[in-house]
Structures are given as structure tokens and as C-alpha cells.
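Numbered according to the numbering used here, the sequence shown spans residues 1296 to 1663.
For every residue, glycine included, the Cβ atom is placed at its ideal position computed from N, Cα and C.
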Amino acid sequence: MNGEFDGTHDAWRSAMGTVCVAGPESARAVLGNRDAIVDEASDFYRTRHGDFGPREAQIRIGRAARVLMRRHLNTRRSELPGLVAGYLAPSAVWPDAGNLLVLRHLRDVLLHPDAPPQLHATVGQIVHRAVLAGARHRHSPPSRLLFRRRAQNVLHTEIRARQQQLDPARDARDLLDVVVGESDPGSDPKDLAEVYLSFLFATVGSVGFALGWSVYLLGTHPDCQAAEPSWTVREALRLWPVAWLFARTPSHAQTLGGAEVTPRDLLAVCTYLVHRHPMYWERPDEFVPERWAGAVPDGAYLPFGHGPHTCAGATVTMRLLEDLVELITRDWRLSVIQDGAGPQVGPALAPPRFTAVLSPRSDCPGRR
Ligand code: HEM
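Printed below as a string of C-alpha cells:
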């Protein structure tokens, strides 16, 4: 099958030669990889030198990161109302506002407060120059190149220092400790820096964008502002899955979703299409948070991936997003001013630029 997606085929070859996978069953077969139909891979752990490994280290890192995040969210939850008021009210320009709020809330998980000031500054600059939607276009290519080299130097120096001072008895202070402490001894600091950057993109980038989509959709659908926060977040991640494209390579020649593929092909599993598949979803293109009150086609919902490489941060992410959406809709009246731009499509699917206005609810705050 060649050409464009017609809404019914599970897989087809695009004009660029990539094989797009849009059928829920084929998508799960590829990502779950139970029958070893693709080469083992994780987009999260992909580095310039191939996938970071071994797999045991990937698993250890994912688990330790989740524990650290959960602990942080538990102890710092009370900060959230102040951050919402400070970062989002009375008005803010999104999606950057969401990313910066998340950066502030997770600052100490990303880097412990006593980490070198130069490293703190570098991480802040990476967010502004590479994580925010459209950030890469805000600087010229030579300036980006220079910055990348300087940032890498700072990160590599810190990683080497932490490798030398490693104390297995000490709890991880931040995600950089997690990456250094749970990787195999002798791991290349360059690879560890890339894994750390994956965490930076996942936390500040993906979580911030997912919050942005929820706020954007609530602001453009005022009738839905009373919906359960968990329905809103799920529905926003269905319509606009931040992680919308997964790359995999077939391990052998086979038929996949009706398309003939070989190890020379690149598979692109597209959750944006899976989540809008008309055979699985009613009113697939509409924002309907209430659909989550009833039974939903779970097998056609993969915002955090599927199978062995499913997101290690999925539960902590959902909790943070639900807490934030609850605070925003409970304490504030939300309206959105659009400037007509479309979604910002990159490795992550970010919302369009928009302004959100938050006014305190005049009726008893804290209640609807
Ligand atoms: C809205 C926010 C997020 C989204 C949409 C998201 C999505 C995903 C997806 C789709 C994968 C699977 C990639 C693949 O199969 O190739 C993944 C993997 C991963 N994510 Fe997330 N993620 C988010 C936030 C986070 C956070 C906050 C953390 C931090 C704990 C995290 C840690 C990880 C890790 C460690 C993996 C690798 C799992 C493995 O290969 O074993 N993610 N994420």
C-alpha cells in the first residue's frame, strides 16, 4: 500500500519511503515487540552512538527516576497553587508558560540545589535554546553550534566528577545522580549526558506541552471546564499525543498491517493517527472529556507508548498534570486568546502559541 493514510489501512508506505503504522493492533505489535518483529529500541535512550545500554541499566535508571520524581511530587505538592498564581495569572503566553512552570517545580529534581552554579545556568539555557517549542529557530545555526559545544563541555565535566565521587550508599540527589549512579561503571559521559537530556526534554518539554494542550483545549471549549481533571488530561493526550511518532526497524522481512516490510525500512508508529482511528473512536477529532467516564478502547490509546519501553514516568506525569489542571479549573476562570497559528510539530507535538487569561473565581475560591 502506497500513498496517504485513508483512515482504514493499518500500515502504508509514505511518499518519503517510511512505513507509517496507524492501526492500533499493528502499533501495539511493533511497540510491544513480543514476537521480536522489530529491533529492540527505545526512543528515550537513543543516543548518537546507538541505544544507550545495557537494557538492565535502562530499567534501573527508569525505576530510580520514577522513585525520585514521586518523592519530590509528594513533598512539594503544596507549592503548586503559588506557582500557578505566579506563573500563569493574570495572563501568560503558552506553551512556554507551562514549560517554565514545570521547570520551576521540578528544578531540584533536575539538579540538586548545591550543584555548580554554571551547571544550573547551562540547564536553564538548554531549556530556552532547545526545549521550548520553536526554541531552535530563535538562534542562528553557528550560535546553536557554539552553545551546544559549551553546554556539552559543562555537562561532561560534571558527569566525570560525579563518576569519580560515586557513593553507592548515598541516595540520588537529582536525575543526573540517577543517570550516573544506575549506569554501568565506565559508561561514556557523552552518552550519559544524552540520557540526562532525554529526562530534561521529558520533564520540562513533554510535561509542559501536555499541560499546554489541556489548558488550550479547556480554554477553547469553556463548556468542558467542569470536567474531571483526569478526563481532561486523558482526552488532551488522546487528541494531541505529545509523543506522536516512534521509530523502529523491522528485524526481518514480513507483512505488517498489510504492508510488506524489510530491515531496510524505517517504521514510524504514529499515535496521533492511532488515537483518531475512526474504527475505534467515536467523534475521533472532537474534544470530549466525558468519553473517559465510560469504557474507552484502551488498546487504541498509547500516549506513553506500549510494551517493555512504556514510559517510566507515566504515573507521576499524570498525577502532576491532573493536580495542575484541577488547580487551574478550581481556582480560576480560564479563557484563551488564539493567534491563529497551528500546532508546533517537532519530535514532540507542542500546542500553538496562545495567551491564556486566568481570573480568580469570584464565587468562593476553592469551590465550584
Ligand atoms: C507528558 C509527558 C511524557 C510523555 C508523553 C512521555 C512519553 C514516553 C513514551 C511514549 C515513551 C516510550 C518511548 C519508546 O517506546 O520508544 C517514554 C519512555 C520513557 N519515559 Fe516518558 N514521557 C513523559 C514524561 C516522562 C517523565 C516525566 C519521565 C521521568 C521519570 C519519563 C521517563 C521515561 C523513561 C525513563 C522512558 C524509557 C523507558 C524504557 O525504554 O525503558 N517520561 N516516555
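Less than 7 Å between the C-beta atoms of GLU1621 and PRO1545, yes or no? no
So, is ALA1416 buried or exposed, given that buried needs 16 or more other C-beta atoms within 10 angstroms? exposed
Using DSSP with H/G/I as helix, E/B as strand and the rest coil, what is SER1509? helix
beta-carbon HIS1277 near the ligand HEM non-hydrogen atom, thresh 6 Å: The structure shown has nothing for residue 1277, since the chain only spans 1296 to 1663.
Taking 6 Å as the cut-off, is the beta-carbon of GLY1381 closer than that to any non-hydrogen atom of the ligand HEM? no
Report all residues from its chain with a CB closer than 6 Å to the CB of GLU1489; omit the five preceding and five following residues, and keep chain order. THR1342
Residues near ILE1632 by beta carbon distance below 6 Å, same chain, minus five either side: THR1650
Is there at least one non-hydrogen atom of the ligand HEM closer than 6 Å to the beta-carbon of THR1498? yes
Check whether VAL1569 and ALA1322 have beta carbons under 7 Å apart: yes
Using the Cα positions of CYS1315 and ASP1626, report the straight-line distance between them to the nearest angstrom. 43 Å
Can you find a heavy atom of the ligand HEM that lies under 6 Å from the Cβ of ARG1519? A small correction: the amino acid at residue 1519 is Cys; Arg does not occupy that position in the sequence shown. Flag unset: Cβ of CYS1519 not near the ligand HEM.
Out of PHE1541, ARG1455, MET1574, which one is the CA nearest neighbour of THR1566? PHE1541
May I ask whether a heavy atom of the ligand HEM can be found less than 6 Å away from the beta carbon of SER1501? yes
At least 3 beta-carbon pairs within less than 8 Å: the stretch 1429-1439 vs the stretch 1515-1530: no
DSSP state of ILE1356, grouped into three classes? helix
Below 7 Å CB to CB, which residues in the same chain sit around TRP1539 once its five sequence neighbours on both sides are set aside? CYS1565, THR1566, TYR1567, LEU1644
Thinking just about the alpha-carbon of each residue, which of LEU1551, TRP1389, VAL1499, ARG1372 is nearest to the one in PRO1647? TRP1389
Based on the DSSP output, what are the partners of ALA1563 in its beta bridges? CYS1315, ALA1542
In the DSSP assignment, what residue or residues form a beta bridge with VAL1640? LEU1644
Between ARG1445, ALA1505, ARG1444, VAL1473, which has its C-alpha nearest GLN1458's C-alpha? VAL1473
Taking 6 Å as the cut-off, is the beta-carbon of VAL1537 closer than that to any non-hydrogen atom of the ligand HEM? yes
Neighbour-count burial assignment, SER1654, 16 or more Cβ in a 10 Å radius: exposed
Alpha carbons only, please: which of ARG1402, ARG1571, ARG1656 is nearest the one belonging to VAL1422? ARG1402
When the Cα of GLY1552 is compared with those of PRO1319, MET1311, THR1313, TRP1587, which residue comes out closest? PRO1319
Give the list of continuous alpha helix (DSSP H) stretches no shorter than 4 residues that lie fully inside the stretch 1405-1438. 1412-1421
Closer than 6 Å to a non-hydrogen atom of the ligand HEM - does that hold for the CB of SER1509? no
Closer than 6 Å: MET1364 CB and nearest the ligand HEM heavy atom: yes
By a C-beta neighbour count over all protein chains shown, 10 Å radius and 16 as the cutoff for buried, is GLY1446 buried or exposed? One point to set straight first is that residue 1446 is Ala, not Gly, in the sequence displayed. Its Cβ being crowded by 16 or more others within 10 Å, ALA1446 is buried.
The ligand HEM heavy atoms versus the CB of SER1337: any closer than 6 Å? yes
When the distance is taken between beta carbons, is GLY1514 closer than 7 Å to SER1630? yes
Three-state secondary structure (DSSP) of ALA1380: helix
Can you give me the C-alpha to C-alpha distance between THR1498 and HIS1344, rounded to a whole angstrom? 23 Å
Closer than 6 Å to a non-hydrogen atom of the ligand HEM - does that hold for the CB of ALA1563? no
Could you give the first and the last residue of the continuous beta strand (DSSP E) run that contains ARG1308? 1306-1308
When you compare only the Cα positions, how much space is there between GLY1503 and ASP1346? 26 Å
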